[in-house]
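**Student:** With the numbering used here, the residue at position 8 of the sequence shown is 43, and numbering never jumps.
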Amino acid sequence: MSEQVKDTDAMIAGMNPVLLPDEYAFVMWPADMSWPDGTIASYGEPEGLSLIIPAQAAPADAPAMRCVTLRVNSSLEGVGLTVAVSTALAQASIPANVVAAYHHDHVYVPADMADRALTILTDLQKDAAQ
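Written out as structure tokens, the structure reads:
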């Protein structure tokens with residue numbers, strides 16, 4: 036396993052974004068129902084249980100999202116990766132929902148903006164690596 040990266044510039048330069056092929060949806064889920072197969076994440080909020088699930092298991096009105104995984108093994112104590120990614124996408128008017136897991140950060144963007152988001156994040160990485 037690679038060592039966790041904590042330095043801001045090193046996290047951005049090493050993020051190696053990859054666009055995952057599947058579509059997902061953020062949904063509220065009844066606590067008394069079992070989770071759909073392929074559920075990616077959950078978070079308990081005061082309003083109820085939020086899940087990230089495969090789009091095909093979501094209600095038809097749930098917006099389809101794609102996930103860009105940042106493959107740098109970012110430290111949970113690292114500062115600046117999320118703001119750099121969010122700022123770059125915001126400047127292009129691309130909404131982003133960032134989920135920080137133990138090893139990697141995952142950026143969920145609208146499915147129809149995913150290719151553009153990947154290009155922006157790849158360019159951000161290249162600029163930081165120079």
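Idealized CB from N, CA, C, for every residue including glycine. No experiment lies behind these values; they were computed from the predicted model shown.
With distances taken from CA atoms, which of L124, A60 and W64 is nearest P81?
**Tutor:** W64
**Student:** Select from P52, D57, G83 and G79 the residue whose C-alpha is nearest the C-alpha of G73.
**Tutor:** D57
**Student:** Taking just the CA atoms, how far does C102 sit from A45?
**Tutor:** 22 angstroms
**Student:** Output needed for I47: all residues of its chain with C-beta closer than 7 angstroms, excluding positions within five of it in sequence on either side, in chain order.
**Tutor:** L116, A119, L159, Q160 and A163
**Student:** Give me the residue from N108, L54 and K41 with the minimum Cα distance to A146.
**Tutor:** L54
**Student:** Which runs of the beta strand (DSSP E), 3 residues or longer, sit entirely within the segment 88 to 149?
**Tutor:** Qualifying beta strand (DSSP E) stretches, in chain order: 100 to 105, 132 to 135 and 140 to 145.
**Student:** Would you kindly report the start and end of the unbroken alpha helix (DSSP H) that includes D44?
**Tutor:** Counting along the chain, the alpha helix (DSSP H) containing D44 begins and ends at T43 to A48.
**Student:** Counting C-beta neighbours from all protein chains within 10 Å, is the total for S52 16 or more, i.e. buried, or is it exposed?
**Tutor:** One point to set straight first is that residue 52 is Pro, not Ser, in the sequence displayed. Per the 10 Å Cβ criterion, buried.
**Student:** Out of Y59, L86 and A66, which one is the CA nearest neighbour of S77?
**Tutor:** L86
**Student:** Measure the Cβ-Cβ separation of V62 and A93 and say whether it is below 8 angstroms.
**Tutor:** yes
**Student:** Please classify D67: does DSSP put it in a helix, a strand, or coil?
**Tutor:** Note: D67 maps to coil in three-state DSSP.
**Student:** Tell me whether D72 sits in a helix, a strand or coil according to DSSP, three-state version.
**Tutor:** It is coil, neither helix nor strand.
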